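Report on the structure given below.
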Amino acid sequence: MSAIESWGETLRLLVELLGTGAFALSGLLEAARKKLDAVGVCVVAFLTAFGGGTLRDLLLDRRPFFWVQHVELLWAVMVLCVLAMRFMRQHHFEITEKAILLPDALGLGLFTATGVHLALNENMPLLVAVLMGLTTGVFGGVLRDMVCNEVPAAFRDHRPYAVCAFAGGWCYAGLWLLDIHGWIALVACVAVTAGLRIAAVWRGWELPAWQV
Amino acid sequence: MSAIESWGETLRLLVELLGTGAFALSGLLEAARKKLDAVGVCVVAFLTAFGGGTLRDLLLDRRPFFWVQHVELLWAVMVLCVLAMRFMRQHHFEITEKAILLPDALGLGLFTATGVHLALNENMPLLVAVLMGLTTGVFGGVLRDMVCNEVPAAFRDHRPYAVCAFAGGWCYAGLWLLDIHGWIALVACVAVTAGLRIAAVWRGWELPAWQV
Amino acid sequence: MSAIESWGETLRLLVELLGTGAFALSGLLEAARKKLDAVGVCVVAFLTAFGGGTLRDLLLDRRPFFWVQHVELLWAVMVLCVLAMRFMRQHHFEITEKAILLPDALGLGLFTATGVHLALNENMPLLVAVLMGLTTGVFGGVLRDMVCNEVPAAFRDHRPYAVCAFAGGWCYAGLWLLDIHGWIALVACVAVTAGLRIAAVWRGWELPAWQV
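As you go down the protein sequences, you meet chains B, P and S in turn. First residue of the first sequence: 1, per our numbering; consecutive thereafter. First residue of the second sequence: 1001, per our numbering; consecutive thereafter. First residue of the third sequence: 2001, per our numbering; consecutive thereafter.
Set out below in structure tokens:
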């Protein structure tokens, strides 16, 4: 492996950790708002962090799950839960929410790219592969909201989230069709997804509403 | 293939398309009522149309999913979502709801028969096969209601829906036991399920309530 | 098989039946409270009784499901539903709730032990195995509450339930590491889980709340 590839691999791992942490934190915040107990807080954090990738692996019939191969991820989220319950207070919530915007966007891009990649590797049609990318990136949050007895925020807040992942996913799939090298496609997908997401938050873009 | 079989196959395909469309439309109506955004509308339509069959395939460990083999179904539902959001307005809702009653009933029958057939083919016990038929026909709507944060209509509206599929499923399983040819069992299952469902709606039949 | 082993096997089967019945009854009570119709009552009872084990088997990719191998369990729960709807009235609810506390606690212990055992048999890491045990014991109730449109009681009522299973699961996993014979580990896991659970109910123990 060349120096640049090993550097890239480290970067990818870092983004994955940051993204997983951001997803878990968004679960923690939701659980705190719903006043769940310690068990609920941990389960919701786990579901948010690992739910999307687990659903993708179930649908693609892939075993072992990524969190079985990297069981240290489970330990990390568990430690994060304990630390949050010990040290995090109401007045930290708003700043946490702002602080996770960027890692969450990067994580969304990376998880989408991973999902598309794994599905294309199993010869899925392009549309299915993009939907698997979406599932990986978005369904952790959907499961979080379903368990917390809310209509999923991704489906009702009119802010682009899944749509950014959809665009990034098509990017990855298109480059794959052109036989363009994995790293370039990965960076392009993350850049498009995270770029769109950050632009959407910054400029206050809204999804078109159904004018019934 | 004889002329009558090819004609039958075309008819089966037509009912499948009609049923899938009716399920997707019922998801669209629910999403519009809950004021979901464009992403939510599409996801709920997809879940309603494909959720039951996907859950059945997960439980029976069948791959590839039917929507991977027939990816044009995914495109069709996506186009339906875009058209609905573009052209469908509040005053179309009531007539749509009435118009999908018949294709929904036929689809319920066909999907139930498909579920029972696939499960019996994998040597499942009769009761399990009938429950797989039920799952195929009914759980799309259940997932729709769960995502939309409602108690599933199929479980609380006291109108026979799953019960019709249950009767139709036992019909199919019984004929299978008697070694009666696939087409006859399929038609019988659809006829019983759809017939009961339509009679139930028409006559206003109600499930017995638990008089606690 | 020695006399003691055959006696043990009978006892295990008895606890399994009692536990499944207790889970199904807790589903029936919840369904009655939400005024579901006959279909909803049955589905919720099934989900509560079989949901946790089914989710575990899905995650571990085990087939056939335990309720396919023991289809008589499905019939038993169906008969239980019919009997409950026929004979159970409001004034039986409170006593039923008290009467199922003990079989529910024993069932929780047994199902946890089963989950841990099956996962360790497939060479899962210890933490994953314990989580699979938890899933088996707890997610039936979680699915029950999700379908009934409630935040799962296990995540918000501050009473130790999943935590007892967690402790019992680590017990089993620890004894497995020490190569201690299956029966001893099983009994230890059930004793720790059920003992903690019953002590928690009896003494009114509460989980620490997150003081946000």
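Where a beta carbon is used, it is the ideal one built from N, C-alpha and C, also for glycine. In this text the structure is predicted, and so the values were computed from the model without any measurement.
Residue 58 of chain B: contacting residues in chain S (beta-carbon distance under 7 Å)
Against the first sequence, residue 58 of chain B aligns to sequence position 58. Residues of chain S whose Cβ lies closer than 7 Å to the Cβ of residue 58 of chain B are, in chain order, 2058.
Check whether the region 86 to 94 of chain B touches the region 12 to 19 of chain B, taking contact to mean three or more Cβ pairs, one atom from each stretch, closer than 8 Å.
no
Quick check on the DSSP output: the alpha helix (DSSP H) that includes residue 2183 of chain S runs from which residue to which?
Position 183 of the third sequence, counted from the first residue, corresponds to residue 2183 of chain S. Where residue 2183 of chain S is concerned, the enclosing alpha helix (DSSP H) stretches over 2182 to 2203.
Anything in chain S within Cβ reach of residue 146 of chain B, meaning under 7 Å, just list it in chain order.
Translated into positions along the first sequence, residue 146 of chain B becomes position 146. Going along chain S in sequence order, the residues near residue 146 of chain B (Cβ under 7 Å) are 2146.
Local conformation of residue 1178 of chain P per DSSP, three classes
On the second sequence, residue 1178 of chain P is found 178 positions in, with the first residue counted as 1. Looking at residue 1178 of chain P - three-state DSSP - the assignment turns out to be coil, as it is neither helix nor strand.
Is the beta carbon of residue 36 of chain B less than 8 Å from the beta carbon of residue 2062 of chain S?
Walking along the first sequence from the start, residue 36 of chain B turns up at place 36. Walking along the third sequence from the start, residue 2062 of chain S turns up at place 62. Going by C-beta atoms, residue 36 of chain B is not nearer than 8 Å to residue 2062 of chain S.
Write down the C-beta distance between residue 2146 of chain S and residue 147 of chain B rounded to the nearest angstrom, noting that I regard them as a contact closer than 8 Å.
Mapped onto the third sequence, residue 2146 of chain S falls at position 146. Mapped onto the first sequence, residue 147 of chain B falls at position 147. That belief holds up - the Cβ atoms of residue 2146 of chain S and residue 147 of chain B are roughly 7 Å apart, short of 8 Å.
Please return the same chain residues whose Cβ sits closer than 8 Å to the Cβ of residue 1059 of chain P, not counting the five positions on each side in sequence.
If you number the second sequence from 1, residue 1059 of chain P lands on position 59. Result list for residue 1059 of chain P: 1132, 1135, in chain order.
So, is the C-beta of residue 2132 of chain S closer than 8 Å to a C-beta in chain B?
Your numbering for residue 2132 of chain S matches position 132 in the third sequence. For residue 2132 of chain S, the answer is no, since every Cβ of chain B falls outside 8 Å of its Cβ.
Identify the contact partners of residue 1212 of chain P in chain S, using a Cβ-Cβ distance below 8 Å as the criterion.
As a working note, residue 1212 of chain P is residue 212 in the second sequence. Those within 8 Å of residue 1212 of chain P in chain S are 2032, 2088, 2089, 2090, 2093.
CA-CA distance, residue 191 of chain B and residue 33 of chain B?
Taking the first sequence and counting its residues from 1, the one referred to as residue 191 of chain B is at position 191. Taking the first sequence and counting its residues from 1, the one referred to as residue 33 of chain B is at position 33. Straight-line Cα distance between these residues: approximately 32 Å.
What residue ranges within the region 1146 to 1170 of chain P form continuous alpha helix (DSSP H) runs of no fewer than 4 residues, ordered along the chain?
1153 to 1156
Could you check if residue 2182 of chain S is buried or exposed, using at least 16 other CB atoms within 10 Å of its CB as the buried criterion?
Sequence index remark: in the third sequence, residue 2182 of chain S carries index 182 (1-based). The residue in question, residue 2182 of chain S, is exposed, as its Cβ has fewer than 16 Cβ neighbours within 10 Å.
When you compare the CB positions of residue 1154 of chain P and residue 1130 of chain P, do they come within less than 8 Å of one another, or not?
Looking up residue 1154 of chain P in the second sequence gives position 154. Looking up residue 1130 of chain P in the second sequence gives position 130. Not closer than 8 Å, so no.
By Cβ distance below 6 Å, which residues in the same chain neighbour residue 1084 of chain P in space, the five residues on each side in sequence not counted?
Residue numbering aside, residue 1084 of chain P sits at position 84 when the second sequence is read from its first letter. Closer than 6 Å at the Cβ level, and outside the excluded window around residue 1084 of chain P, lie 1028.
Cα-Cα separation between residue 2011 of chain S and residue 1201 of chain P, rounded to whole angstroms
Within the third sequence, the letter at position 11 stands for residue 2011 of chain S. Within the second sequence, the letter at position 201 stands for residue 1201 of chain P. Each residue's Cα considered, the two are about 49 Å apart.
Going by Cα to Cα distance, which pick from B/3, B/196, B/26 is closest to residue 97 of chain B?
Translated into positions along the first sequence, residue 97 of chain B becomes position 97. Of the candidates B/3, B/196, B/26, the residue whose Cα lies closest to the Cα of residue 97 of chain B is B/26.
Which runs of the beta strand (DSSP E) fall wholly inside the region 61 to 96 of chain B and span at least 3 residues, in chain order?
none
Can you tell me which of S/2128, S/2041, S/2048, S/2013 puts its alpha carbon nearest to the alpha carbon of residue 1212 of chain P?
What you label residue 1212 of chain P is simply residue 212 of the second sequence in a count that begins at 1. When only C-alpha atoms are compared, the closest one is S/2041.
Proximal chain S residues relative to residue 1117 of chain P, where beta-carbon distance stays under 8 Å:
Residue numbering aside, residue 1117 of chain P sits at position 117 when the second sequence is read from its first letter. Going along chain S, no residue has its Cβ under 8 Å from residue 1117 of chain P, so there is no contact; the nearest lies around 17 Å.
Taking 8 Å as the cut-off, decide whether the C-beta atoms of residue 1152 of chain P and residue 1207 of chain P are in contact.
Here residue 1152 of chain P corresponds to residue number 152 of the second sequence, with the count starting at 1. Here residue 1207 of chain P corresponds to residue number 207 of the second sequence, with the count starting at 1. Going by C-beta atoms, residue 1152 of chain P is not nearer than 8 Å to residue 1207 of chain P.
Using a Cβ-Cβ cutoff of less than 7 Å, which residues in the same chain neighbour residue 1122 of chain P once the five nearest sequence positions on both sides are dropped?
Residue mapping note: residue 1122 of chain P aligns to position 122 of the second sequence, counting from 1. For residue 1122 of chain P, where only same-chain residues beyond five positions count, the Cβ hits under 7 Å are 1060.
If you measure between the beta carbons of residue 127 of chain B and residue 167 of chain B, is that distance less than 8 Å?
Taking the first sequence and counting its residues from 1, the one referred to as residue 127 of chain B is at position 127. Taking the first sequence and counting its residues from 1, the one referred to as residue 167 of chain B is at position 167. No; because the gap between Cβ atoms is not below 8 Å, this pair is not in contact.
Which residue marks the beginning of the alpha helix (DSSP H) containing residue 2103 of chain S, and which one marks its end?
Taking the third sequence and counting its residues from 1, the one referred to as residue 2103 of chain S is at position 103. For residue 2103 of chain S, the enclosing alpha helix (DSSP H) stretches over residues 2101 to 2121.
Could you list which residues in chain B have their beta carbon closer than 8 Å to that of residue 1063 of chain P, in chain order?
Position 63 of the second sequence, counted from the start, is the residue given in the question as residue 1063 of chain P. Here the neighbours are 61.
Less than 8 Å between the beta carbons of residue 1165 of chain P and residue 1108 of chain P, yes or no?
For this step, residue 1165 of chain P is matched to residue 165 along the second sequence. For this step, residue 1108 of chain P is matched to residue 108 along the second sequence. Yes, these two residues count as a Cβ contact at 8 Å.
So is residue 46 of chain B in contact with chain P if we call contact Cβ pairs under 8 Å?
The sequence position of residue 46 of chain B within the first sequence is 46, counting from 1. Answer no: the Cβ-Cβ gap between residue 46 of chain B and chain P never drops below 8 Å.
Which residues bound the alpha helix (DSSP H) around residue 1024 of chain P?
Mapped onto the second sequence, residue 1024 of chain P falls at position 24. Counting along the chain, the alpha helix (DSSP H) containing residue 1024 of chain P begins and ends at 1003 to 1033.
Just checking my contact of residue 104 of chain B with residue 23 of chain B at CB under 8 Å: how many whole Å lie between their CB atoms?
Taking the first sequence and counting its residues from 1, one reaches residue 104 of chain B at position 104. Taking the first sequence and counting its residues from 1, one reaches residue 23 of chain B at position 23. The pair is a contact, with the Cβ atoms about 7 Å apart (cut-off 8 Å).
Against chain B, with Cβ distances strictly below 8 Å, would residue 1035 of chain P count as a contact?
Residue numbering aside, residue 1035 of chain P sits at position 35 when the second sequence is read from its first letter. True, the Cβ-Cβ gap to chain B drops below 8 Å.
Scan the region 1141 to 1175 of chain P for residues whose Cβ lies nearer than 9 Å to a Cβ of chain S and list them as they occur along the chain.
Correct list: 1142, 1145, 1146, 1149, 1150, 1151, 1152, 1154, 1155, 1156, 1157, 1158, 1159, 1160, 1161, 1162, 1163, 1166.
Given that residue 194 of chain B touches chain P, what residues does it touch there, using C-beta distances under 8 Å?
Taking the first sequence and counting its residues from 1, one reaches residue 194 of chain B at position 194. Neighbours of residue 194 of chain B on chain P: none; closest Cβ ~18 Å, over 8 Å.
Please classify residue 173 of chain B: is it buried, with 16 or more other beta-carbons within 10 angstroms of its beta-carbon, or exposed?
Here residue 173 of chain B corresponds to residue number 173 of the first sequence, with the count starting at 1. Residue 173 of chain B comes out buried.
What number of angstroms, rounded off, separates the C-alpha of residue 54 of chain B from the C-alpha of residue 1188 of chain P?
Counting from 1 along the first sequence, the entry for residue 54 of chain B is found at position 54. Counting from 1 along the second sequence, the entry for residue 1188 of chain P is found at position 188. Using only the alpha carbons, I get a separation of about 39 Å.
Partner residues on chain P for residue 103 of chain B, Cβ-Cβ distance less than 9 Å
Position 103 of the first sequence holds residue 103 of chain B. Here the premise fails: no neighbours, minimum Cβ distance about 22 Å.
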